[in-house]
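Numbering (UniProt numbering), first residue to last: 1 to 117.
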């Protein structure tokens, strides 16, 4: 996703113009932005920007685009999906799961999207 011009991300005092999203899943319980990682905890913590911040940035940009396009808020979830269980890195509004936990997380949430939307 990208914008014609940069927008201010107040939380981090940065300007953002684009982001990469590994996977977007529109499920019965909401929209899920998923960043997949196959690395170790050490790799995840030493990258230039953590996957948690990457997916949070994607969520911010996706939310703004969604509001511009549809004028409505839909449940939006940001997930880090790893191939093996890793110690969780606490991060606001980001859920860290293994690939095996993903389906239950998407289908097991409360609430449903309205199919007429």
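Where a beta carbon is used, it is the ideal one built from N, C-alpha and C, also for glycine. None of the values given here were measured: they were computed from a predicted structure.
Residue 15 is not a Cβ neighbour of residue 5, given a cutoff of 7 Å. The C-beta distance from residue 74 to residue 66 rounds to 6 Å, short enough to fall under 8 Å.
For residue 18, the closest alpha carbon among the candidates 31, 62, 110, 51 is that of 62. A distance below 8 Å between beta-carbons, with the five flanking residues on each side excluded, links residue 97 to the following residues of its chain, in chain order: 79, 80, 81, 82, 105. Remark: C-beta atoms of residue 31 and residue 22 do not approach each other more closely than 7 Å. C-alpha of residue 101 to C-alpha of residue 11: approximately 29 Å in a straight line. If only complete runs of 3 or more residues are kept, the region 19–85 shows the beta strand (DSSP E) at 23–27, 30–37, 76–82, in order along the chain. CA-to-CA, the gap between residue 84 and residue 57 works out to about 24 Å. In this chain, residue 97 is not harboured by any alpha helix (DSSP H); it is covered by the beta strand (DSSP E) spanning 94–98.
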